[in-house]
Amino acid sequence: MEKSIVTPWEVEGEIDYNKLIKKFGTDVLTDELLDRIKRHTGELHPFLRRKLFFSHRDLGWILKKYEEGEKFALYTGRGPSGDTHLGHLIPWIFCKWLQDKFNCDFYFQMTDDEKFMMRPDLTLEQTHAFAYENALDVIALGFDPKKTFIFSNIDYAKTLYKISIQIAKNVTTSTAKAVFGFKNSTNIGIVFFPSVQAAPCFLPSFLNEKNVPVLIPAAIDQDPYWRITRDVAPKLGYYKPAAIHNMFLPGLEGPSGKMSASKSDTAIFSVDSPEEVDRKIKRAFTGGGQTIKEHKEKGGNPLTCTIYQYLYFIFEEDDEKIKEIQDGCKKGEVFCGECKTLLSDKLVKFITRHQENRERAKDVLDKFLLKD
Ligand code: TYM
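Taking this note's numbering, I'd label the letters of the sequence shown as residues -14 to 357.
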């Protein structure tokens, strides 16, 4: 297998999620925990049922707190380096479901500072503007404005800085190097930055002047931040943040690597036109045979198929239907063209509705923002 790299800034290669759980020291999201969630929610979100979320830290503890009557807050975010793609939407869609089911406050950080410091090609004006474009995608998902707090690090710096420096004081350079792989050539802004991404883990406690449990839904690439934050939390008298991790939606070019905003043909963007979405899906990598003859003879491989994964994890909730597709593909009876049309139709419907909601979000953006 080709070597895989997973850091907050780089996800490349074929990813072995069991190995990642071991490497990062997180826990498997067990059926027992899913049952416990279901007791409170009445049903499981398809992302849980299909195990797109597969790993966690302290989820049992968050549920215990909830069962004892202590409400938890949600925290997630976006590094605004461009348009939002479908992969980014996964943790946010899940947060919306959690907000509805557990009545949570939801905090959303936009790291315009991070992307400015990380990306030599982007100015601060650009990352700042992208942040508010990306915020529209969050709002379009239907979050409750009374319980949702979205902030750009630049515009909320005064508050965040107070928390960040408490964290920074308790993290050594050698820890930061070991966790993030910083080198001597890394700029010092990026070395400080983990304390800025950590800060919102304590923001609900800071604002409410009491300890508030926090759950972070995000892909596993962000976990190194939570490792550091969890070490620091007791020193500052806060609860350790809990986390629930999703897998990466693969890029359209195949199973190696994730959908990536920096490679535009690997990704479906929230602002792509329906024609563009259809074009990208029709050109995408599949698990089918090279020719129809070969496909009929040998069958396809749904497990390496991007189209199948999008259907399985997001767009085909019907268990019967997905099984039919999987079995049919393996037997060479269901063809790539059929799956692509099915996915394209569903995706175009989703994107069209999302874009309508995104337009409406422009009128209400201010209701969601925290600024100093
Ligand atoms: P960013 O902008 O790289 O990613 C935003 C969120 O999307 C997840 N993600 C994906 N999920 C599924 N499939 C993919 N292909 C995919 N690509 C990205 C990321 O894990 C993330 O949850 N530094 C962060 C911004 C941030 C943040 C946070 C993220 C600040 N605070 C708290 C999560 C939680 C970043 O650059 O994310």
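Even for Gly, the Cβ is constructed at its ideal location relative to N, Cα and C.
Remember, predicted model here, so these are calculated numbers, not experimental data.
Whole-angstrom C-beta distance between residue j and residue i, which should lie under 8 Å
i, j, result
"Ala204", "His70", "Going by Cβ atoms, the distance from Ala204 to His70 rounds to 12 Å, so no, they are not a contact pair."
"Ile139", "Val123", "Not a contact, Cβ separation roughly 17 Å."
"Ala346", "Leu121", "4 Å"
"Leu328", "Ile266", "6 Å"
"Lys243", "Gly72", "6 Å"
"Phe320", "Gly273", "7 Å"
"Arg42", "Thr11", "5 Å"
"Lys56", "Cys89", "7 Å"
"Ala125", "Asn342", "4 Å"
Residue i versus residue j - alpha carbon distance
i, j, result
"Val164", "Leu29", "33 Å"
"Arg338", "Gly127", "12 Å"
"Ala246", "Phe254", "8 Å"
"Glu(-13)", "Glu(-1)", "Legend: pLDDT at Glu(-13) = 49, less than 50; position of this residue unreliable, value from coordinates given subsequently. Using only the alpha carbons, I get a separation of about 7 Å."
"Leu107", "Leu354", "24 Å"
"Glu344", "His113", "19 Å"
"Ser249", "Met232", "20 Å"
"Gly317", "Leu33", "29 Å"
"Gly322", "Lys306", "16 Å"
"Pro235", "Gln311", "18 Å"
"Tyr2", "Ile152", "29 Å"
"Asp303", "Ile292", "16 Å"
"Gly54", "Glu17", "21 Å"
"Asp357", "Arg21", "39 Å"
"Glu52", "Leu59", "16 Å"
"Ala116", "Glu279", "47 Å"
"Ile299", "Glu282", "29 Å"
"Phe87", "Leu19", "15 Å"
"Lys7", "Ile213", "17 Å"
"Leu83", "Leu237", "28 Å"
"Gly313", "Leu221", "56 Å"
"Leu48", "Val13", "16 Å"
"Lys143", "Lys162", "27 Å"
"Gln111", "Leu37", "32 Å"
"Lys195", "Thr160", "29 Å"
"Ile150", "Leu44", "27 Å"
Residues near residue i in its chain [Cβ-Cβ closer than 6 Å; skip 5 each side]
i, result
"Gly64", "Thr96, Glu99 and Lys100"
"His358", "Since the displayed the chain opens at -14 and closes at 357, residue 358 lies outside it and no answer follows."
"Pro202", "Thr61, Pro76, Phe79, Cys80 and Ile229"
"Asp68", "Phe254 and Val256"
"Tyr295", "Leu328"
"Thr133", "Phe91 and Phe353"
"Glu301", "Ile307"
"Arg215", "Lys225"
"Gln340", "none"
"Thr271", "Cys290, Ile292 and Cys321"
"Leu109", "Phe101"
"Phe9", "Asp208"
Residue environment, residue i, which counts as buried when at least 16 other CB atoms sit within 10 Å
i, result
"Val197", "buried"
"Thr158", "exposed"
"Asn119", "buried"
"Lys50", "buried"
"Leu288", "exposed"
"Lys352", "exposed"
"Gln207", "buried"
"His25", "exposed"
"Thr15", "exposed"
"Val349", "exposed"
"Val199", "buried"
"Gln94", "buried"
"Val156", "buried"
"Leu5", "buried"
Cut-off 7 Å between Cβ atoms - residues of its own chain near residue i, not counting five sequence neighbours on either side
i, result
"Leu188", "Tyr92 and Ile148"
"Arg104", "Ser66"
"Met102", "Asn172, Gly174, Ile175 and Phe178"
"Tyr297", "Arg35 and Ile307"
"Pro259", "Val333, Ile336 and Thr337"
"Phe85", "Looking at the sequence provided, one finds Asp at residue 85 rather than Phe. There are no such residues."
"Phe191", "Ile148"
"Trp145", "The question names Trp, but residue 145 in the sequence shown is Leu. Taken in chain order, the residues that qualify are Asn138, Val181 and Ala184."
"Arg268", "none"
Close Cβ partners of residue i (< 8 Å) along its chain, the five nearest in sequence each way excluded
i, result
"Ala218", "Cys186, Phe187, Tyr224, Lys225 and Pro226"
"Ile(-10)", "Val(-4), Glu(-3) and Gly(-2)"
"Val262", "Ile253, Ser329, Leu332, Val333 and Ile336"
"Pro(-7)", "Phe165, Asp206, Gln207, Pro209 and Tyr210"
"Glu309", "Val319"
"Trp46", "Pro198 and Ala227"
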